[in-house]
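K.L.:
Residue numbering for the sequence shown follows our numbering, beginning at 5 and increasing consecutively. My structure is below; once you've seen it, I'll send some questions.
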Amino acid sequence: MDHPKYIFITGGVTSSLGKGIIASSLGKLLQARGLSVTIQKFDPYLNIDPGTLNPYEHGECYVTDDGAETDLDLGHYERFLNESTSQGNNVTTGRIYNNVITKERNGEYLGKTVQVIPHITDEIKANFYKLAKTKKYDVIITEIGGCVGDIESLPFIEAVRQVKWDVGANNFLVIHLTLIPYLKAAKELKTKPTQHSVKQLLEAGIQPDILVCRSEYTLPTDVKRKLALFCNVELNCVIEAMDADTIYDVPLLMRKEKLDERVMKKLKLSTKENTNLEDWRIFLGKLKNPLNEVKIGLIGKYVSLPDAYKSIIESFTHAAAETECKVDLQLISSEDIDKDCVAKQLQELDGILVAPGFGERGIEGKIETVKFAREQQIPFFGICLGMQVAVVEFARNVLKLEGAFSTEMDPNTPHPVIDMMAEQKKITQLGGTMRLGAYPCDLKKGSKVASAYGKLHITERHRHRFEFNNKYLKDYEANGMMATGINPDTKLVEIVELKDHPWFVGTQYHPEYRSTALNPHPLFVRFVKAALDFQKKKNN
Ligand code: GLN
Numbered sequence: 005m006d007h008p009k010y011i012f013i014t015g016g017v018t019s020s021l022g023k024g025i026i027a028s029s030l031g032k033l034l035q036a037r038g039l040s041v042t043i044q045k046f047d048p049y050l051n052i053d054p055g056t057l058n059p060y061e062h063g064e065c066y067v068t069d070d071g072a073e074t075d076l077d078l079g080h081y082e083r084f085l086n087e088s089t090s091q092g093n094n095v096t097t098g099r100i101y102n103n104v105i106t107k108e109r110n111g112e113y114l115g116k117t118v119q120v121i122p123h124i125t126d127e128i129k130a131n132f133y134k135l136a137k138t139k140k141y142d143v144i145i146t147e148i149g150g151c152v153g154d155i156e157s158l159p160f161i162e163a164v165r166q167v168k169w170d171v172g173a174n175n176f177l178v179i180h181l182t183l184i185p186y187l188k189a190a191k192e193l194k195t196k197p198t199q200h201s202v203k204q205l206l207e208a209g210i211q212p213d214i215l216v217c218r219s220e221y222t223l224p225t226d227v228k229r230k231l232a233l234f235c236n237v238e239l240n241c242v243i244e245a246m247d248a249d250t251i252y253d254v255p256l257l258m259r260k261e262k263l264d265e266r267v268m269k270k271l272k273l274s275t276k277e278n279t280n281l282e283d284w285r286i287f288l289g290k291l292k293n294p295l296n297e298v299k300i301g302l303i304g305k306y307v308s309l310p311d312a313y314k315s316i317i318e319s320f321t322h323a324a325a326e327t328e329c330k331v332d333l334q335l336i337s338s339e340d341i342d343k344d345c346v347a348k349q350l351q352e353l354d355g356i357l358v359a360p361g362f363g364e365r366g367i368e369g370k371i372e373t374v375k376f377a378r379e380q381q382i383p384f385f386g387i388c389l390g391m392q393v394a395v396v397e398f399a400r401n402v403l404k405l406e407g408a409f410s411t412e413m414d415p416n417t418p419h420p421v422i423d424m425m426a427e428q429k430k431i432t433q434l435g436g437t438m439r440l441g442a443y444p445c446d447l448k449k450g451s452k453v454a455s456a457y458g459k460l461h462i463t464e465r466h467r468h469r470f471e472f473n474n475k476y477l478k479d480y481e482a483n484g485m486m487a488t489g490i491n492p493d494t495k496l497v498e499i500v501e502l503k504d505h506p507w508f509v510g511t512q513y514h515p516e517y518r519s520t521a522l523n524p525h526p527l528f529v530r531f532v533k534a535a536l537d538f539q540k541k542k543n544n
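Structure, rendered in structure tokens:
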């Protein structure tokens, strides 16, 4: 095969149908047949990347090894495929325009009027093809964000149409994900919204090859027939996608519906008889048949939108399967916690996680939370801001450094135990300028983290501006908060843990970006085990 097969996934009727999960599931199934697959997402908004977006707008910002701030769907791609993605896997309209305008200023289009067609669409296509230049892929799945018919996705749809002529009809396939709503009063599944959204694709010159139909009820054959006839697709290419118990069921459901077989046939890909999904089935089996259950609190400030903590929530799912211990994850707003109610709010928990975040809102509740976990010997996991808060709490209540804080919250604190690095202070632009992406870290022998990872050199992904202030390190270690992970190049503290505590770990990096279904993150696994130990002790 000289160049990869291109599969495009568009969405119709409404957003939030789960294009990312369908893309990931199809990717998984093709990968299980021995094909090398990657998935990329093209988003029609004007931000260069989602890094500056409030999590309430767009959910979590996912970070790749190469330091790209990306859409949360890339997290699904990695969690399903167990492979790293990169900046090339997520492109926005903002980035496309930025590239084109930069080229225009550099005189690359000299003499020409720069236009949406062909310059923007050519730039989109060049980005569709970019990953194939970095590695040999058999299949590249491209998810187009938003809905067909949106004004802002028009150039993407036009670019998709043109791809067929670039790569040839045998190497090109469009899957349209749509919704079949059920009208209770009429007791009927309705196909009209899908017919309309397919019409919109047809107007743009694209005939979808496969329809994947989200529905709360199974699709009777007459409904499938109607969809096939009016949307111009083969009957066996109308695929039903019923709501699932967990997103991790979807690859198996799509297998049952033969989505991968239809794709293989249409793209003339040679089929391996045996789809290897054994590991996946074992993972699901363990996830669905837990032997124990723990209650863990996730304390943060974006709790009303769980998507803001997507990777952390999924990491707990992976750890739950690994430990065969169900995690009842309670999302608790740190704004609801103060000195007087902290015990009441948190007393039922077997483990406490303080989440990443930015800014001052809810910070005192997080500090009270850490104090409670430290004093009550409840397993504690602090991630990024959660680690920084643990450092602040220790300064105030153990080292007795009055007014100690992070300079993010109080630039005039007498004890800046968390502070900005000199190079960060020079930065004025906000987008893409944090410490981002994978950095190495050396672990201390004999530490809890070293035992969890089972090795002494790791790399993990970062996304922050502020750091542990090494001026105070001696004082911390003399009093029992140990720096057990250090960046070998910069000597920055990446991990702290408490000596006299069953499990109290704070990481400056984000372990949640590296956890996948088949490769659960060791720190989440150990944290769940610690919570279970705590619960057993409590009950005895
Ligand atoms: N706000 C903190 C910083 O910038 C922590 C960031 C985070 O939790 N991702 O350093």
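Virtual Cβ for every residue (Gly too), placed ideally from N, Cα, C.
Check each residue's C-beta against every heavy atom of the ligand GLN and list, in chain order, those closer than 5 Å.
P.N.:
Spelled out in chain order, the answer is 360, 362, 388, 389, 467, 468, 469, 470.
K.L.:
Under three-state DSSP, which class holds residue 306?
P.N.:
Your numbering for residue 306 matches position 302 in the sequence shown. Coil, per DSSP.
K.L.:
Since residue 338 and residue 370 should fall inside the 8 Å C-beta cutoff, what is the C-beta to C-beta distance between them, to a whole number of angstroms?
P.N.:
The residue given as residue 338 occupies position 334 in the sequence shown. The residue given as residue 370 occupies position 366 in the sequence shown. Rounded, the Cβ-Cβ distance is 5 Å, consistent with contact.
K.L.:
Taking DSSP as the reference, what is the three-state secondary structure of residue 391?
P.N.:
As a working note, residue 391 is residue 387 in the sequence shown. It is helical.
K.L.:
Mind checking whether residue 330 and residue 323 have CB atoms under 8 Å apart?
P.N.:
Locating residue 330 in the sequence shown gives position 326, counting from the first residue. Locating residue 323 in the sequence shown gives position 319, counting from the first residue. The answer is no: Cβ separation not under 8 Å.
K.L.:
Per DSSP, which residues does residue 46 bridge with? Please list them.
P.N.:
By one-based count along the sequence shown, residue 46 stands at place 42. DSSP, once it has assigned bridges, lists 95, 148 as partnering residue 46.
K.L.:
Please confirm if the segment 387-398 is in contact with the segment 437-452, defined as three or more CB-CB distances below 8 Å between the two stretches.
P.N.:
These segments do not touch.
K.L.:
Going by the CB atoms, is the gap between residue 392 and residue 508 shorter than 8 Å?
P.N.:
As a position in the sequence shown, residue 508 is number 504, starting the count at 1. As a position in the sequence shown, residue 392 is number 388, starting the count at 1. Not a contact, by the Cβ cut-off of 8 Å.
K.L.:
Please name the residue or residues paired with residue 329 in a DSSP beta bridge.
P.N.:
As a position in the sequence shown, residue 329 is number 325, starting the count at 1. Residue 329 is bridged to 296.
K.L.:
Nearest by alpha-carbon distance to residue 25: which of 207, 468, 382, 77 is it?
P.N.:
Walking along the sequence shown from the start, residue 25 turns up at place 21. Of 207, 468, 382, 77, the residue nearest in Cα terms is 77.
K.L.:
Measure the alpha-carbon distance for residue 336 versus residue 304 and round it to whole angstroms.
P.N.:
Taking the sequence shown and counting its residues from 1, one reaches residue 336 at position 332. Taking the sequence shown and counting its residues from 1, one reaches residue 304 at position 300. Near 7 Å, if we compare the C-alpha coordinates of residue 304 and residue 336.
K.L.:
Strictly by DSSP, which residues pair up with residue 351?
P.N.:
If you number the sequence shown from 1, residue 351 lands on position 347. Note: residue 351 sits in no beta bridge, so no partner.
K.L.:
Looking at the structure shown, is residue 204 part of a helix, part of a strand, or coil, going by DSSP?
P.N.:
In the sequence shown, residue 204 corresponds to position 200, counting from 1. Helix at residue 204.
K.L.:
Mind checking residue 61: buried by the 16 CB within 10 Å criterion, or exposed?
P.N.:
In the sequence shown, counting from the first residue as 1, residue 61 sits at position 57. By the 10 Å Cβ count, residue 61 comes out exposed.
K.L.:
Taking all protein chains shown into account, decide if residue 435 is buried (16 or more other Cβ within 10 angstroms of its Cβ) or exposed.
P.N.:
Start at 1 with the first residue of the sequence shown, and residue 435 comes out as number 431. So residue 435 ends up on the exposed side.
K.L.:
Just tell me which of 123, 288, 152 has its CA closest to the CA of residue 257.
P.N.:
Position 253 of the sequence shown, counted from the first residue, corresponds to residue 257. When only C-alpha atoms are compared, the closest one is 288.
K.L.:
Let me make sure I understand the geometry here. Which of 248, 228, 149 has the alpha-carbon closest to that of residue 239?
P.N.:
As a working mapping, residue 239 is identified with position 235 in the sequence shown. For the residues 248, 228, 149, the minimum Cα distance to residue 239 belongs to 228.
K.L.:
Restricting to runs no shorter than 3 residues, where is the beta strand (DSSP E) found entirely within the segment 410-467?
P.N.:
You should have 420-424, 439-447.
K.L.:
When the Cα atoms are used, what is the spatial distance from residue 528 to residue 32?
P.N.:
Taking the sequence shown and counting its residues from 1, the one referred to as residue 528 is at position 524. Taking the sequence shown and counting its residues from 1, the one referred to as residue 32 is at position 28. Spanning the two alpha carbons is a distance of roughly 23 Å.
K.L.:
Where does residue 72 sit, in a helix, a strand or coil, going by DSSP?
P.N.:
For the purposes of this step, residue 72 is taken as residue 68 along the sequence shown, with counting starting at 1. Of the three classes helix, strand and coil, the one that applies to residue 72 here is coil, per DSSP.
K.L.:
Below 8 Å between beta carbons: does that hold for residue 156 and residue 125?
P.N.:
The residue you call residue 156 lines up with position 152 of the sequence shown. The residue you call residue 125 lines up with position 121 of the sequence shown. No, Cβ-Cβ distance for residue 156 and residue 125 is not below 8 Å.
K.L.:
Measure the alpha-carbon distance for residue 518 versus residue 128 and round it to whole angstroms.
P.N.:
Locating residue 518 in the sequence shown gives position 514, where the first residue counts as 1. Locating residue 128 in the sequence shown gives position 124, where the first residue counts as 1. Near 29 Å, if we compare the C-alpha coordinates of residue 128 and residue 518.
K.L.:
So, helix, strand or coil for residue 121, using DSSP?
P.N.:
Indexing the sequence shown from 1 puts residue 121 at position 117. Note: residue 121 maps to helix in three-state DSSP.
K.L.:
For the alpha helix (DSSP H) holding residue 163, just list the boundary residues, first then last.
P.N.:
Residue 163 sits at position 159 when you count from the first residue of the sequence shown. Segment 158-171, the alpha helix (DSSP H) holding residue 163.
K.L.:
With burial defined as no fewer than 16 other Cβ atoms inside 10 Å of the residue's Cβ, what is the status of residue 282: buried or exposed?
P.N.:
The sequence position of residue 282 within the sequence shown is 278, counting from 1. Residue 282 comes out exposed.
K.L.:
Can we count residue 250 as close to the ligand FMN, meaning its CB is less than 7 Å from some heavy atom?
P.N.:
The ligand FMN is not among the ligands present in this structure, which contains only the ligand GLN.
K.L.:
Return the first residue and the last residue of the alpha helix (DSSP H) that residue 80 is part of.
P.N.:
On the sequence shown, position 76 is the one that residue 80 refers to. Segment 77-85, the alpha helix (DSSP H) holding residue 80.
K.L.:
Check for me: the alpha helix (DSSP H) holding residue 368 runs from which residue to which?
P.N.:
Position 364 of the sequence shown, counting from 1, holds the residue named residue 368. Unbroken alpha helix (DSSP H) run through residue 368: 367-380.
K.L.:
Comparing C-alpha positions only, which one of 98, 408, 485, 244 sits nearest to residue 452?
P.N.:
The residue you call residue 452 lines up with position 448 of the sequence shown. It is 485.
K.L.:
Would you mind sorting residue 473 into buried or exposed? The rule is 16 or more other CB atoms within 10 Å of its CB.
P.N.:
Along the sequence shown, one-based indexing puts residue 473 at 469. When all chains shown are included, residue 473 counts as buried.
K.L.:
In chain order, what residues of the same chain have a beta carbon less than 7 Å from the beta carbon of residue 272, not counting five sequence neighbours either side?
P.N.:
Taking the sequence shown and counting its residues from 1, the one referred to as residue 272 is at position 268. Closer than 7 Å at Cβ, skipping near neighbours: 174.
K.L.:
Using a Cβ-Cβ cut-off of 7 Å (strictly less than) and excluding sequence neighbours within five positions of residue 548, which residues of its own chain qualify?
P.N.:
Outside the shown range of the chain (5 to 544) lies residue 548, about which nothing can therefore be said.
K.L.:
State the Cα-Cα distance for the pair residue 4 and residue 194, rounded to the nearest angstrom.
P.N.:
Outside the displayed range of the chain (5 to 544) lies residue 4, so it cannot be described from this structure.
K.L.:
Determine whether the beta carbon atoms of residue 423 and residue 411 lie at a separation below 8 Å.
P.N.:
The count along the sequence shown starts at 1 and reaches residue 423 at position 419. The count along the sequence shown starts at 1 and reaches residue 411 at position 407. Contact: yes.
K.L.:
On a CA-only basis, which of 475, 479, 376, 441 is nearest residue 404? Give me that one, please.
P.N.:
The count along the sequence shown starts at 1 and reaches residue 404 at position 400. Taking only the C-alpha atoms, the option nearest residue 404 is 479.
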